[in-house]
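Below is one structure, written out as structure tokens, with a few remarks after it.
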């Protein structure tokens, strides 16, 4: 944990690490030492030293006489000759001690290519117990970066690939060991605890520090070479994660926001947050009823919504002001953008701007939950208008600036609102700047350490809303209102000009948060495709789910009018006097009927958007979450706000979407005969000739037994050049062949599955292991091939 907060006082530590032949530390002689950061990780005392460096991390155990296949299968006692006479508890502790040394010191030696003494990362705490102490990560990784940059580019790339492979190895092992440690994995956990008591608890103690190390190493690797992006998934032990989450929830953090932080920026960011005892905005008790699945604070109750006054407004004589309605309607009818000027005498003026050329106005991006949501017909309090004018004056250095905000420039009337939505892309694209207003971001200053400000933006309510994504991405300049003025988010500023308080090469937190914010400034084609959009929308929310495709159409280059015409038919002649009926005015039967209509509308719009996009990433079928209940589109996500931890490849749009389904190349695990699955089943498929066995887990969406669904093949996540490696678990889609098309075989979607590739020795060894027992029905014969197919 210490490397997450330690700020070096000078380059001496890095210079010493650069010149040293063996990395070691005499802590009694050190002066630049910070306190241990909780939670502490005990050092279990494995004999790591006095061995040659092993650049192939896989060889670390065998070099020391250990059989890692036995550990993998849960046969701990037979993994080393020294364990034969020990009791079960000591066997468990000895094995976990070896794993700790392998994945901490072994991994680091593999990276820096130098011997590392235990003393370099182990220090005694106040009670005299040896614990992992990560301060020196700064020095050894920074020194490694200097050394590797002296090498030719080819050697740098080779080192990056070697380290990435080592990180994958550690990740796969952690995933397997956490299965043994997780009480929710009832069979495996119970059997391990009965055979080797304390193994799960010991694994839970050591894994978080290894994950933090892995994320720091990957950060350093990417600093040297970003050509090999990271796709590593770390599995934090549930009990350890729960304790960190509880600390932050007790401090007022939203459980849903914390879930987003873990999924998108890594557990190191979560651990770093626990070191910050105070955080502006978490002391208001706004998130007491939030859950990990929903931020209640950020979701609006339309029936009770009220526009707020400014906190310092006395409210007396603070009247609501509205722009001239008929002028606004006329501007929208003519296809222009209405903008506002607010005079000091309290007069609101509206004037048009063209949608085809850059404008001279400021557009505001905000969240309605902060209290400034409204419409042209209802207007805003004069205190809020004065605030908007003052902010606009501040960023434009003008005394009478024009601005646009939906609360004043989007009417309730159906046709006018439709025209405003159609013009929304041009509205934000042509604005001279977009200013973000978020209550919690405004509690932070721009002169705090970069990672603090980045975190304030990333964990804000503004960052979680659907419409604000397009508003930020289209902005020519993106500016945030903060406590001491404004802060402009610029890609160059994030990458070079605003160094974190901790060196960028080691600060995973800065890199992870900065990467998320940089995605808001992406201008290239790779940031404007549906794969990139799905990654950015994954954890966003909206109160109107029918708006999803409307909010991203402009980013994807889709004419939003195409998504509106099929439902609203021709609304161009609808009388502008006809106001939209409010939800609160409907009877219950009408609300139910409208909900059904809206669901059908959501489905039609998503199908239309996917077909209009045409070129899709083939791994879109593996996004977790509900699927579209539409013929030929049952592979498609119901929403891109899917909460999926899977990252769709934004660099390759290699499948084609038509009304007939999705056509592309995938790894297809085809069974010799039809099988059945249910949500309690675990099935085994494989091929002796291919020396491969796969364990298939069926997800909750599958029927409960005795009901079952037929399937005849499984489409596996992965690229052509990289099929599954032993020990890896990936997303899969169970399908069944329905016909042969003109060019491809056609497979109908059945349901999502998880697929684990077992070690061949594990599946075909004599007898059972802790993680594998020969199934009564046997292993279903199947073959794996890279095929062009159509999925419906």
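Numbering (our numbering), first residue to last: 419 to 1210. Using N, Cα and C, we set each Cβ at its ideal position, and we do this for glycine too.
Item to complete: Starting from residue 1084, follow the alpha helix (DSSP H) in both directions and report where the run begins and ends.
Response: Start at 1 with the first residue of the chain shown, and residue 1084 comes out as number 666. Counting along the chain, residue 1084 falls outside any alpha helix (DSSP H), though it belongs to the beta strand (DSSP E) covering 1079–1095.
Item to complete: Pick helix, strand or coil for residue 531, following the three-state DSSP scheme.
Response: Position 113 of the chain shown, counting from 1, holds the residue named residue 531. If DSSP states are grouped into helix, strand and coil, residue 531 belongs with coil.
Practice prompt. Write down the C-beta distance between residue 1135 and residue 1040 rounded to the nearest angstrom, noting that I regard them as a contact closer than 8 Å.
Written response: Looking up residue 1135 in the chain shown gives position 717. Looking up residue 1040 in the chain shown gives position 622. Yes, they are in contact, since the Cβ atoms of residue 1135 and residue 1040 sit about 5 Å apart, within 8 Å.
Worksheet item: Would you say residue 855 and residue 965 are within 8 Å of each other, going by their C-beta atoms?
Response: Along the chain shown, one-based indexing puts residue 855 at 437. Along the chain shown, one-based indexing puts residue 965 at 547. Cβ atoms of residue 855 and residue 965: not closer than 8 Å.
Item to complete: Specify the secondary structure class of residue 646 as computed by DSSP and reduced to three states.
Response: On the chain shown, residue 646 is found 228 positions in, with the first residue counted as 1. Coil.
Worksheet item: Tell me, which residues are paired with residue 1075 by DSSP?
Response: Position 657 of the chain shown, counting from 1, holds the residue named residue 1075. According to DSSP, residue 1075 bridges with 1080.
Practice prompt. Kindly give me the distance between the Cβ atoms of residue 743 and residue 794, rounded to whole angstroms, as I take these residues to be in contact under 8 Å.
Written response: Taking the chain shown and counting its residues from 1, the one referred to as residue 743 is at position 325. Taking the chain shown and counting its residues from 1, the one referred to as residue 794 is at position 376. About 6 Å; that satisfies the 8 Å criterion.
Worksheet item: Taking C-beta to C-beta, are residue 768 and residue 776 nearer than 8 Å?
Response: Taking the chain shown and counting its residues from 1, one reaches residue 768 at position 350. Taking the chain shown and counting its residues from 1, one reaches residue 776 at position 358. 8 Å or more divides the Cβ of residue 768 from the Cβ of residue 776.
Item to complete: Check whether the region 556–574 touches the region 487–494, counting contact only when three or more Cβ pairs, one atom from each stretch, lie closer than 8 Å.
Response: no
Discussion item. So, with DSSP's three-state summary, where would you put residue 846?
Written reply: For this step, residue 846 is matched to residue 428 along the chain shown. Three-state DSSP puts residue 846 in a helix.
Worksheet item: Can residue 529 and residue 562 be called in contact, C-beta distance under 8 Å?
Response: By one-based count along the chain shown, residue 529 stands at place 111. By one-based count along the chain shown, residue 562 stands at place 144. The answer is yes: Cβ separation under 8 Å.
Fill in: Of the listed residues 709, 909, 575, nearest to residue 872 (C-alpha basis)
Residue mapping note: residue 872 aligns to position 454 of the chain shown, counting from 1. It is 909 whose Cα lies nearest to the Cα of residue 872.
Fill in: Closest Cα partner of residue 601 within the set 591, 590, 796, 615
Within the chain shown, numbered from 1, the residue matching residue 601 stands at position 183. The residue with the shortest Cα to Cα distance from residue 601 is 615.
Practice prompt. Compare the C-alpha of residue 955 against each of 678, 426, 673 and name the closest.
Written response: Your numbering for residue 955 matches position 537 in the chain shown. The shortest C-alpha separation from residue 955 is found at 678.
Worksheet item: Do you know how far the Cα of residue 868 is from the Cα of residue 703?
Response: Numbered from 1 along the chain shown, position 285 holds the residue referred to as residue 703. Numbered from 1 along the chain shown, position 450 holds the residue referred to as residue 868. Cα to Cα, the separation comes out at about 26 Å.
Practice prompt. Please classify residue 666: is it buried, with 16 or more other beta-carbons within 10 angstroms of its beta-carbon, or exposed?
Written response: For the purposes of this step, residue 666 is identified with residue 248 of the chain shown, where counting begins at 1. Answer is buried; the Cβ neighbour count reaches 16.
Worksheet item: Are the region 1105–1112 and the region 1073–1080 in contact at 8 Å, needing three or more beta carbon pairs?
Response: no
Fill in: Proximity below 8 Å, CB of residue 549 to CB of residue 443
By one-based count along the chain shown, residue 549 stands at place 131. By one-based count along the chain shown, residue 443 stands at place 25. Going by C-beta atoms, residue 549 is not nearer than 8 Å to residue 443.
Worksheet item: Hey, would you say residue 1167 sits closer than 8 Å to residue 1151, going by beta carbons?
Response: Taking the first residue of the chain shown as position 1, residue 1167 is located at position 749. Taking the first residue of the chain shown as position 1, residue 1151 is located at position 733. Closer than 8 Å, so yes.
Worksheet entry | Simplified DSSP assignment, three categories, for residue 466 | By 1-based counting over the chain shown, the position of residue 466 is 48. Reduced to three states, the DSSP call for residue 466 is coil.
Worksheet entry | Range of the contiguous alpha helix (DSSP H) that encloses residue 1127 | Position 709 of the chain shown, counted from the start, is the residue given in the question as residue 1127. Careful: residue 1127 lies outside any alpha helix (DSSP H), inside the beta strand (DSSP E) at 1127–1134.
Discussion item. Only counting the same chain, and skipping five residues up and downstream in sequence, which positions put a Cβ closer than 8 Å to that of residue 736?
Written reply: The sequence position of residue 736 within the chain shown is 318, counting from 1. The residues are 727, 799, 800, 801.
Discussion item. Just to confirm the assignment, what range does the beta strand (DSSP E) spanning residue 748 have?
Written reply: Position 330 of the chain shown, counting from 1, holds the residue named residue 748. Run containing residue 748: none in the beta strand (DSSP E); it sits in the alpha helix (DSSP H), 743–751.
Item to complete: Report all residues from its chain with a CB closer than 6 Å to the CB of residue 749; omit the five preceding and five following residues, and keep chain order.
Response: Locating residue 749 in the chain shown gives position 331, counting from the first residue. Excluding residues within five positions, the ones whose Cβ falls inside 6 Å are 756, 770.
Worksheet item: Secondary structure at residue 1066, three-state DSSP: helix, strand or coil?
Response: The sequence position of residue 1066 within the chain shown is 648, counting from 1. Reduced to three states, the DSSP call for residue 1066 is coil.
Item to complete: Grab me the residues of residue 657's own chain with a C-beta within less than 6 Å of its C-beta, minus the 5 sequence neighbours each way, in chain order.
Response: As a first step, residue 657 must be located in the chain shown, where it is residue number 239. Excluding sequence neighbours, residue 657 sits near 622.
Worksheet item: Would the beta-carbon of residue 1188 fall within 8 Å of that of residue 684?
Response: Here residue 1188 refers to the residue found at position 770 of the chain shown. Here residue 684 refers to the residue found at position 266 of the chain shown. No, they are not a contact pair.
Fill in: Simplified DSSP assignment, three categories, for residue 736
Along the chain shown, one-based indexing puts residue 736 at 318. The answer is coil: DSSP assigns residue 736 none of H, G, I, E or B.
Worksheet item: Curious, which full-length beta strand (DSSP E) runs of at least 3 residues does the region 795–879 contain?
Response: 851–855
Fill in: CB contact flag (residue 838, residue 853, <8 Å)
Mapped onto the chain shown, residue 838 falls at position 420. Mapped onto the chain shown, residue 853 falls at position 435. Result no, Cβ atoms of residue 838 and residue 853 do not sit closer than 8 Å.
Worksheet item: For residue 963, which beta-bridge partners are listed by DSSP?
Response: Residue mapping note: residue 963 aligns to position 545 of the chain shown, counting from 1. DSSP, once it has assigned bridges, lists no residue as partnering residue 963.
Practice prompt. May I ask which residues mark the beginning and end of the beta strand (DSSP E) holding residue 906?
Written response: Within the chain shown, the letter at position 488 stands for residue 906. For residue 906, the enclosing beta strand (DSSP E) starts and ends at 903–907.
Practice prompt. Name the two residues that bound the continuous alpha helix (DSSP H) containing residue 1148.
Written response: By one-based count along the chain shown, residue 1148 stands at place 730. Where residue 1148 is concerned, there is no enclosing alpha helix (DSSP H), although the beta strand (DSSP E) it sits in stretches over 1147–1158.
Fill in: Three-state class that DSSP yields for residue 990 in the structure shown
Numbered from its first residue, the chain shown carries residue 990 at position 572. Here residue 990 scores only 40 on pLDDT, less than 50, and its place in the model should not be relied on; the value that follows carries that caveat. The answer is coil: DSSP assigns residue 990 none of H, G, I, E or B.
Item to complete: Go ahead and label residue 741 buried or exposed: buried means 16 or more other beta carbons lie within 10 angstroms of its beta carbon, across all protein chains shown.
Response: Your numbering for residue 741 matches position 323 in the chain shown. Buried, because 16 or more other Cβ atoms sit within 10 Å of the Cβ of residue 741.
Worksheet item: By Cβ distance below 6 Å, which residues in the same chain neighbour residue 527 in space, the five residues on each side in sequence not counted?
Response: Mapped onto the chain shown, residue 527 falls at position 109. Same-chain partners within the cutoff: 471, 534.
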